[in-house]
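This report concerns only the one structure given below.
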Amino acid sequence: MNEDRQFSVSRRKVLAGLGTIGIASAGAGLGTTAYFSDQETFQNNQLTAGTLDMKVDWEEHYSDWSDDEAAFASMGTMEEHDIELPALTSGGQLVADAKPIYLTLNGETAGEKQTAKDGLWDATSVEAFPDVLNGDGSYDGIQDAFSDEEACDILTDVGGNSSGLSDPRRTQGTFAGQTTEEGDPLINIQDVKPGDFGEVTFSFHLCDNPGYVWLNGDLIEARENGHTEPENEDPDSVGPSDEVSEPGDLETSQVELLDEIVTRVWYDPNGNNQVDMLSGELDIMIAIDASGSISGDKNQSGTEANNLVQGVDEFVAALAASPADIEAGQVLFGENSSLTSFTGLGSPGALPTMASVYPNSNRGNTPLPAALDVCDQELATGRPGADKIIVAFTDGGPNYSADSYSAGGYTAPRDGVGYSEDGSSGNGYDNNGGGTVTVGEEEETALVAETIRDSGSRIVVVNVADDPTEDQGSTGVTLREYLSGTGSPYPEGGIASSGFYFEVDLANLEAVADSLAASVAVSEEVFFQGTLREVLMAMADNDGRGIPLDGDVSTAFDELSDPENDADRDCFAGEGTTHYVGFQWWLPIDHANQIQSDSVSFDVGFYTEQCRHNDGAGMVPEEPVEIQS
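Each residue of the sequence shown is one higher than the one before, counting from 1 in UniProt numbering.
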């Protein structure tokens, strides 16, 4: 790791691996540009800062199930747990041979469990900056409080030739079993085992003017470091024992650790280092595909229909067991090419089971826009302060033949709203009586979804198709691109809200239903969840600028699929205002022999551009500068 190498402006480093998980970064030089800009990245224990001044601070946590953590929590089960770290990739697929991490907090009441949760997070705190504001106190690994007004005076410039990670106000010493010395990488965890998890909550501050901000990163190196005897004998072990993957190899690398570590990234507005599960009210409507593409007898084990029925019923059971105050309803779309079996909001445990209402015959086409519309109308009648979510289980794109649909006393499209995009008259749906998906049906359904998302409701899509990447007939768009929005050609985008698209093999739906429920019932915006490989690919996107962040999370901006200059994307406030982003990683429960001795080095950081005279599209250097590292 000490050898010199050339790299361009898109390279940032963060050390991370089974033997050593660490964050590092290199400052990226920019050529002649039109705007002031700044890059904040962790590499070799430094952060870079420029003329549009950004400051960063952090608090890091790591759990290895040591004795001091047992006073607050223990390993839970699928049936009984308070916290779940799911073993799902960003597409909702199971991480191979892995199980979620379940934690049960000590205590009986909600208050006792919250006290235990706070204690667990204190017990797992590894280090922070600033830990001691005056630089002469005793460290405790927990960040000291400071105001927005103080931020730009007390936080140091880090990166490049500066010495931010050697600042005396950064934690030094051993906490939660991990030792931090002057200048160490931010994340530097040794001997990671399945079941371990860690997290860093960054806060960044724009010290003067507002700015657009991106979260970025890249692979530096992935190594097999040889094969131990257990790894040689593991059927999941692939690739040569001496494989070394570099930045350009991210998509093709066979180093298994890249696909075993799961990550998620979210806006953490209260800065508590935790993805807060919904503890208040949640109103959720579930739309289930009952079209002809779902084959088989619902009562015959192993058929698509049976797997869907069992999986949805398990999902509803998980909602009923959630600590959140949940009301749920459901509707089928496709039976008799219509909407059927509508049940309004109420106790999840009181919903009719899919086993009792799902049809064994008369499965027709796929009126997805009507199902979304009716679900949203029911949510509008729900509890005023509740979070609103629609979950759609489907195996195909929209395909329907009627002008309007009715269910539960609602009519879709609703009065006075026309979804037509091809110039047809009236307020009815465009329709195509054939069995294929058309451009008009796709774009119209995307408009329905956009309207719902803009109203403040979240749309979760669970793609249960045999081939999630199948081409949607004459539209030229794959099912994944369309439902997730990550490749949708339509200005309205796709269907799912950012970070809430999942792909699940129907045969696995029942097994992952609990993890899906845990991923849905979060109160904070998780805009990415997936493997380490997947998050690095996302953070290297947009010419290396990375994932565009949104200064106003109440808007409908989709960080992963919307353009950087989308009208719904907002700048972040300046004047030292604190903005939080959480980055969490975990190694799901697994035999894990295939990752023994693997290591991965990668970058993570922040990049900002001035807001004034800028639309957020991002700059590309006119003359990229090569920097020696």
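Note that the Cβ used here is the ideal one computed from N, Cα and C, for glycine as well. In this text the structure is predicted, and so the values were computed from the model without any measurement.
Nonlocal neighbours in the same chain, by C-beta distance under 8 Å from residue i, ignoring five residues either side
i: D615; result: N565
i: R414; result: D373, Q377
i: E450; result: E492, G493, A556
i: I365; result: The amino acid occupying residue 365 in the given sequence is Asn; Ile does not appear at that position. Answer for N365: S291, G292, G334, S337, N399, Y400, S401, G435, listed in chain order.
i: K99; result: A87, P588, I589, D590
Own chain residues within Cβ distance below 6 Å of residue i, not counting five before or after
i: H613; result: none
i: D196; result: D64, L587
i: L155; result: K55, D57
i: T340; result: L332
i: A34; result: A caution first: A34 carries a pLDDT of 48, below 50, which makes its placement in the model too unreliable to give a value.
i: G487; result: E481
i: G574; result: L206, D208, N209, P210
i: A412; result: A370, D373, V374, Y405
i: I286; result: Q330, V391
Where residue i falls: helix, strand or coil (DSSP)
i: L85; result: strand
i: P563; result: coil
i: Y490; result: coil
i: R383; result: coil
i: Q596; result: coil
i: L120; result: helix
i: I111; result: Rather than Ile, the amino acid found at residue 111 in this sequence is Gly. The answer is helix: DSSP assigns G111 an H, G or I state.
i: D289; result: strand
i: T179; result: strand
i: T77; result: coil
i: F72; result: coil
i: L258; result: helix
i: L536; result: helix
i: G605; result: strand
i: P548; result: strand
i: A556; result: coil
i: I326; result: strand
i: H613; result: coil
i: I154; result: helix
i: V504; result: coil
i: T104; result: strand
i: T445; result: helix
i: A350; result: helix
i: S338; result: coil
Residue burial classification, residue i (beta-carbon count within 10 angstroms, cutoff 16)
i: T445; result: buried
i: E609; result: buried
i: E510; result: buried
i: D603; result: buried
i: T469; result: exposed
i: N270; result: exposed
i: T605; result: According to the sequence displayed, residue 605 carries Gly and not Thr. Buried.
i: E84; result: buried
i: S138; result: exposed
i: G382; result: buried
i: V600; result: buried
i: S424; result: Only weak support exists for where S424 lies, its pLDDT of 34 falling under 50; the value from the coordinates is given anyway. Under this definition S424 is an exposed residue.
i: A49; result: In this prediction, A49 scores a pLDDT of 36, lower than 50, which makes its location untrustworthy; no coordinate-derived value is stated.
i: E327; result: buried
i: S455; result: exposed
i: S519; result: buried
i: residue 630; result: One cannot answer for residue 630 here, as it falls past the ends of the chain, which runs 1 to 629.
Spatial neighbours of residue i in its chain, beta-carbon cut-off 7 Å, leaving aside the 5 residues before and after
i: L571; result: It should be noted that the sequence gives Cys, not Leu, for residue 571. For C571, where only same-chain residues beyond five positions count, the Cβ hits under 7 Å are P210, G211, Y212, G551, C611.
i: A318; result: A513, D514, A517
i: P194; result: L587, P588, I589, D590, A592
i: I294; result: E304, A305, L308, R363, D395
i: Q172; result: Y139, T180, E181, E182
i: R453; result: I459, S497, A556
i: T201; result: W58, E59, D268, G271, N273, Y580, G582
i: A116; result: F72, A73, L105, N106, G107
i: G217; result: R12, V14, L536, M539, A540, G546, F602, D603, V604, G605
i: E80; result: T104
Cβ distance (whole Å) where residue i is taken to contact residue j below 8 Å
i: N399; j: T343; result: Their Cβ separation, rounded to whole angstroms, is 24 Å, which puts N399 and T343 out of contact at 8 Å.
i: L479; j: A465; result: 6 Å
i: L282; j: A521; result: 6 Å
i: F527; j: W266; result: 6 Å
i: S125; j: F175; result: 6 Å
i: N463; j: L483; result: 5 Å
Any non-hydrogen atom of the ligand SAM closer than 7 Å to residue i Cβ
i: L282; result: In the structure on display, the ligand SAM does not appear, and there are no ligands present to speak of.
Inter-stretch contact at 8 Å, needing at least 3 Cβ pairs: the region 349–364 / the region 295–312: Verdict: yes, contact present.
Validate contact between the region 376–385 and the region 327–346 using beta carbons, cut 8 Å, 3 pairs: yes
Meets three-Cβ-pair contact criterion under 8 Å: the region 439–459 and the region 490–499: yes
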